[in-house]
Amino acid sequence: MTASISIREAGVADVAALSAIGHASFHAAYEKWSEPDDLVAHLEDFFSEVAIHASMRLPGYCYLLALNGDVAVGFTKIREGTQPDEIPVARALELHQVYVMPDQQRFGIGGRLIDAATRYAHEQSAEGVWLSVWEGAPWAVNCYRKYGFEQVGTMDFKLGKATYNDLVMWRPVTAQKSE
């Protein structure tokens, strides 16, 4: 099913696809645990075409898009900026979003995006990549561990009126996928 997966840097022409993936993936992951109004507001703030287009213009931001043939099936948004004190290197890039369409999950696409993002970070002279992931999503936490991430701390994630506990995880750019 994923034999023809390719990953490339996304551009303005990909905004609609990024928005669709973000909406579908985040909604599927958080719908059961979120207030409907909070979820709708978050989707608008982070996954609307306007929001994605605006973040593409920011310095230090990059989207990598996964394609199955010519169909967009996942993406990661990488950003440079302030990192938590627990990250053990001077410069790591954040995998701010890693999303795969719900019907395309569990086929290794997320891992390919993580590996591509790690290569991108290395090309940008970063020593590692870090992310935060909801502790209530063991499928995601386990995936990140499989791809070389280790937990180094925690942080709050606000979704409307609710606050979730996220795990802070990091991986050096030299880490390899665990088979």
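Letter 71 of the sequence shown, counting from 1, is numbered 61 in the numbering used here, and no numbers are missing. Backbone N, C-alpha and C define an ideal beta-carbon position, used for all residues, glycine too. Keep in mind that this is a model prediction, so the values were computed, not measured.
Apart from the 5 residues on each side of it in sequence, residue 70 sits with its Cβ closer than 7 Å to the Cβ of 50 and 83 in its chain, given in chain order. Collapsing the DSSP output to three states places residue 79 in coil. Contact between residue 4 and residue 55 is confirmed by a C-beta separation of about 6 Å, below the 8 Å threshold. Taken in chain order, the unbroken stretches of alpha helix (DSSP H) that lie wholly in the region 37 to 66 and span 4 residues or more are 39 to 46. By the Cβ test, the region 34 to 49 is not in contact with the region 124 to 134, since fewer than three Cβ pairs between them sit closer than 8 Å. Per DSSP, residue 23 lies in no beta strand (DSSP E) segment and is marked neither H nor E. A contact is defined here as three or more CB-CB pairs under 8 Å, and the region 98 to 109 fails this definition with respect to the region 142 to 156.
Shown here, residue 117 sits in coil according to DSSP, grouped into three states, outside any helix or strand. Nearest C-alpha to residue 19 among 162, 161, 164 and 149: 149.
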